[in-house]
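Working notes, beginning with the structure itself.
Protein chains in written order, with the numbering used here: chain A, 960 to 1124; chain B, 364 to 902.
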């Protein structure tokens, strides 16, 4: 396999370890998350970031392409343990890229939620405040009027000794 | 040299916009210098499916991460300073929670002496809160028994929704106060702006202007009044004459790189609680005879809980705020600390935000369990923040960095902040109460967040930049008088969050606006006298 295809396969394998598919949700690579991951790595870490990720996978037991699912999971778990900040950044890029996909939005809608691809322009119909049912009737709550504010007893707060007027 | 101004306003955020509008409408020649450009509605990420990703970089509220062309770096190992540098300032990305401070917030000197009294009382500010609500466009429900009565809000409350109703039940179970949260968001058409359509991307500001983005709500009025707003104009220093009064400011036109001097009779600083002390320190320690410039930085105490319940809350829909609870807002020393805190109850994220951890590190696991976690948590969650009144401390401060500079070569601000033991006790108590809420809400899962780093450093998301040029009754311990006039420089006014004496228990933008309106109207009403003042007024 040439370098280009190997790189593509490695990124696809990586995103699928993080977000595999199941009976309803597509896998991350099914919807092209690996391309967004590469783009975002470059935005955050510069031109060499993708190669750096591939090298990191190799250094932690990869490449993933040659491993079974258990082996791939072990590589990612090692990166998570040894390079937690890098792992978190990559994981978050994958998650955010995944949930931008129209295919994933379809699954969310099938779960019973109204879900827009983007917040605007449509927004959501969340109704109006209903004074009859939503006005608090509990009568709880108090405040000190300006002229009611008096010195409190600080004697029990020993950590404050000597620090007040 | 450009034509002299009556008033030079530095900074075009919430306080600078209001000051410019008031003074411009009075017929004064007002110039406002803003280091950033315009953030147009279409610049916001709301129209794109990748908006949550954009929040991680281009729309990140932390300028050290965003590194936008209009930003300056902030050196700090203790504070995640959040701000937006553009016309309208941080109102481009805030969430516009709009509660008021309470009367006792202004009397902490009397109450316990660990912080000074303000030189004004709640009653001095109350009429300006009312007026700000109408200028800015606010929604809310009158009659909150935990606050002094007032005129009510110009638009009805935003809908409670399942998130609010569910949490209201939890507060009822606990016997604690709750109330629909006041918001700087119009719930119906108001002043030419559309009512909120519940898009729920409030964390990236409001592209529609339903939330009061000041470039869409206040600036049009200021511009109509003839204010000369100059974006991309970064002030380098304030200049002083032999008589000790300011003569104006030197600024860089960031489009050309050319330097200009803008003369003015009066200078109003509105550059936020970090930018304002930075500029004073860069201007040969201006207005700092008390050595209080940059000190007493307050961010508020902050801890949070994210919780999930069995029933769907559809919590990716609607305005980000839901309820407020002021059950613990007043001091009760039996809790083991002075001052109080407030609960802000919020929605949860969209799908991406929920999966990476919306307000806490609770995130969907990677691998096999990912989708099952998502199925049980997405749309079922909400967040509760406990935000409290941190004590002002001289050592919590803004200074100038020795190593970092902005794009124009000006020293970056350096922030040092650590909570007082009183603040830490408050946060520990608040975390226990957050756990109470999660249990009362019958949460099947919840996660507390104390904002402690792995090194044990409290690193709050610091939206609130307060106290660094505080007002006071005594020139020896404060920077400005009760009219926001600098004790040391009679034609300098400071109207942003740095003016606050204490931080209160709630989000501060409403109070910053009310103070700025009060200061601007005072300046307007006495301008003939104040423009040539050689002494600062006694309180």
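For every residue, glycine included, the Cβ atom is placed at its ideal position computed from N, Cα and C.
*asked:* To be precise: take each residue of the segment 399–415 of chain B, compare its Cβ to all Cβ atoms of chain A, and keep it if any distance is under 9 Å. Which residues remain?
replied: 407, 408, 409, 410, 411, 412, 413, 414 and 415
*Cross-chain neighbours of residue 693(B) in chain A, by beta carbon under 8 Å*: 1101, 1102 and 1103
*Could I get the ranges of all uninterrupted beta strand (DSSP E) runs contained in the segment 696–771 of chain B, with 3 residues as the minimum, in chain order?*
704–709, 744–751 and 760–768
*Please work out which residues of its chain come closer than 6 Å, Cβ to Cβ, to residue 715(B), disregarding the five sequence neighbours upstream and downstream, and give them in chain order.*
415
*Are the C-beta atoms of residue 535(B) and some chain A residue less than 8 Å apart?*
yes
*Given residue 404(B), which residues of its chain have a CB within under 6 Å of its CB, disregarding the five upstream and five downstream residues?*
570
*Do you know how far the Cα of residue 838(B) is from the Cα of residue 473(B)?*
19 Å
*Pick from 895(B), 889(B), 845(B) and 882(B) that is closest to residue 480(B), judged by C-alpha positions*: 845(B)
*Just how far apart, CA to CA, sit residue 804(B) and residue 707(B)?*
15 Å
*Check the Cβ of residue 1011(A) against every Cβ in chain B and list those closer than 8 Å, keeping chain order.*
In chain order: nothing, as chain B lies at least about 18 Å away.
*Would you list the residues sitting across from residue 822(B) in a DSSP beta bridge?*
Bridge partners of residue 822(B): none, in fact.
*Does residue 1077(A) get closer than 8 Å to chain B when you measure Cβ to Cβ?*
yes
*Contact check, residue 617(B) vs residue 595(B) under 8 Å by CB: the rounded distance?*
4 Å
*Kindly indicate the opening and closing residues of the alpha helix (DSSP H) around residue 1009(A).*
1008–1018
*Would you decide whether residue 577(B) is buried or exposed? Buried here means 16 or more other CB atoms lie within 10 Å of its CB.*
buried
*Can you list, in chain order, the residues of the segment 518–529 of chain B whose Cβ is nearer than 8 Å to any Cβ on chain A?*
519, 520, 521, 522, 523, 524, 527 and 528
*Limits of the unbroken beta strand (DSSP E) element including residue 624(B)*: 622–632
*Quick one: which chain B residues come within Cβ less than 7 Å of residue 1006(A)?*
The premise fails here: residue 1006(A) is roughly 16 Å from chain B at the closest Cβ pair, so nothing lies under 7 Å.
*When you compare each of 748(B), 720(B), 852(B) and 694(B) to residue 942(B) by their alpha carbons, which one comes out closest?*
Outside the shown range of chain B, which is 364 to 902, sits residue 942(B), and nothing can be said about it.
_By the DSSP assignment, the alpha helix (DSSP H) with residue 850(B) in it spans what residues?_
It is not in any alpha helix (DSSP H) - residue 850(B) carries neither H nor E in the DSSP assignment.
_What does DSSP give as the partner residue(s) for residue 502(B) in the beta ladder?_
518(B) and 546(B)
_When you compare the CB of residue 504(B) with every CB in chain A, is at least one pair closer than 8 Å?_
yes
*Cβ pair residue 780(B), residue 442(B) closer than 8 Å*: yes
*Among 444(B), 719(B), 785(B) and 550(B), which has the Cα closest to the Cα of residue 1054(A)?*
719(B)
*When you compare only the Cα positions, how much space is there between residue 812(B) and residue 380(B)?*
35 Å
_My output table needs one value for residue 420(B): the three-state DSSP class, helix, strand or coil._
coil
_For chain A, check one thing: does any of its Cβ atoms lie closer than 8 Å to the Cβ of residue 700(B)?_
yes
*Indicate whether the contact test is met: 3 or more Cβ pairs, each with one atom in the segment 1056–1072 of chain A and one in the segment 992–1000 of chain A, closer than 8 Å.*
yes
*asked:* Under 8 Å, with one C-beta from each stretch per pair, do the segment 823–840 of chain B and the segment 434–449 of chain B reach the 3-pair mark?
replied: yes
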